[in-house]
Amino acid sequence: MWQWLRHAFAVNEEAPELTSEEANELESLATQVVRRGMATPAVTFLEMSRPLNYLGAQVLTSLAR
9 MWQWLRHAFA
19 VNEEAPELTS
29 EEANELESLA
39 TQVVRRGMAT
49 PAVTFLEMSR
59 PLNYLGAQVL
69 TSLAR
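In my numbering, the protein residues as written are 9 to 73.
Below, the structure is given as structure tokens:
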């Protein structure tokens, strides 16, 4: 049981590499957010939406059955 529990919430460390186009678009978005003084609200929003990730995953899992 402990072996299963140890890996129950493991996150895959391997993230796909961004293409140069994706990286440029993210950089542009980040620049606009900072330029408008919205960095703190953006970070707050992203941190507040983290629990919704779990709920969304549960909904998708239940719909897939």
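C-beta: ideal position from N, C-alpha, C; glycine also.
| Asked | Found |
| --- | --- |
| Where do the ends of the alpha helix (DSSP H) carrying proline 49 lie? | 47 to 56 |
| Looking at the structure shown, is threonine 27 part of a helix, part of a strand, or coil, going by DSSP? | coil |
| Taking the C-alpha atoms as reference points, what is the distance between glutamate 30 and proline 24? | 12 Å |
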